[in-house]
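Q: Pasting a structure here, questions to come.
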Amino acid sequence: MSEAHAPLPFPRTDLALAATRFAREIEHPAIYHHSLRTYHYGRALGERRGLLPDQDYDDELLFLGCVLHDTGLSDHGDGDQRFDLDGADLAVRFLRAHGLGDDRAEVVWDAVALHLSPEIAGRKRPEIALVTAGAGFDLGIEGPGPLPPGYTDRVHAELPRLHAAAVLHDTIVGQALAKPHKAPPFSLPGELLRRHTGGTWPAWDRFTGWGDHDGHAPDAAPAPATGPVDRRG
């Protein structure tokens, strides 16, 4: 890990250092810095909730989820799924190759795969929830309150923003333009692609292939359900 990051707390395990090198090698510098800031903000937001590292959650797992959460936006991680899923799969391949057990690797997979779903991630264990919280805070999404005075200035001094939000947007859209299936309708990548291209989403009835809308009267009373009848009692 670069000595430039020394003033900020990081796990110093061999695996954490290897994951940091891996992310730095494959990611745009702005995305790499965003990933590291995600850890610091996630950890700080956890402390506001009374969650202490290595007491209430595994700090190494939180760090691994944060530093690897956008690896799907690298050329190395650009597969055929949404970038969050590509990143989750890449993270697990990397961690297993470095000896991490399946149970711990699964926590990181969930943290990466769910980081675009705050309503779900927020109900999961801290190692998962705080990745989403930290990433959202770093992108300016409203968090649970301000952090200690001067903390964000300190983080930004060590890890400059480098136009992070703009780089993330352009990378997500660039992947989606090349592979539109990576941006399905109503997903975050899909919405960014729609806005970029000026496209529109198909109506709900275009998603159902059974003819359920044919002859349907929206104000009609629902038909009674059919099926097995429980005649007990």
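Sequential numbering from 115 applies to the sequence shown in the numbering used here. Every residue, glycine too, gets a C-beta built ideally from N, C-alpha and C. A quick note: this is a predicted structure, and the numbers were derived from the prediction, not measured.
1) Out of Ala219, Arg218, Gly250, Asp217, which one is the CA nearest neighbour of Glu233?
2) Rounded C-beta distance between Phe197 and Gly186? I'm assuming under 8 Å.
3) On a CA-only basis, which of Arg308, Leu129, Pro332, Ser301 is nearest Ala211? Give me that one, please.
4) What residue does the alpha helix (DSSP H) around Gly160 start on, and which one ends it?
5) Can you grab the Cα-Cα spacing for the pair Arg239 / Asp172, in whole Å?
6) Using beta-carbon positions only, say whether Gly248 and Tyr153 come within less than 8 Å of one another.
7) For Ala219, which residues in the same chain have their Cβ closer than 6 Å to its Cβ, ignoring the five residues on either side in sequence?
8) Residues in the same chain with beta-carbon distance under 8 Å from Asp170, minus the five sequence neighbours each way, listed in chain order, please.
9) Note the first and the last residue of the continuous alpha helix (DSSP H) segment covering Gly304.
A: This is what the structure holds:
1) What you label residue 233 is simply residue 119 of the sequence shown in a count that begins at 1. Glu233 has its Cα closest to that of Gly250, out of Ala219, Arg218, Gly250, Asp217.
2) Taking the sequence shown and counting its residues from 1, the one referred to as residue 197 is at position 83. Taking the sequence shown and counting its residues from 1, the one referred to as residue 186 is at position 72. Between Gly186 and Phe197 the Cβ distance is about 4 Å, and since that is below 8 Å, they are a contact.
3) Along the sequence shown, one-based indexing puts residue 211 at 97. Selected option, being the one with the closest Cα: Leu129.
4) Position 46 of the sequence shown holds residue 160. Here the alpha helix (DSSP H) through Gly160 covers 143-162.
5) Taking the sequence shown and counting its residues from 1, one reaches residue 239 at position 125. Taking the sequence shown and counting its residues from 1, one reaches residue 172 at position 58. Approximately 10 Å, taken between the alpha carbons.
6) Walking along the sequence shown from the start, residue 248 turns up at place 134. Walking along the sequence shown from the start, residue 153 turns up at place 39. Yes, they are a contact pair.
7) Translated into positions along the sequence shown, residue 219 becomes position 105. Counting only Cβ-Cβ distances below 6 Å, and skipping sequence neighbours, we find Val206, Leu209, Arg210.
8) The residue you call residue 170 lines up with position 56 of the sequence shown. Hits under 8 Å: Gly160, Gly164, Pro240.
9) Numbered from its first residue, the sequence shown carries residue 304 at position 190. Where Gly304 is concerned, the enclosing alpha helix (DSSP H) stretches over 302-311.
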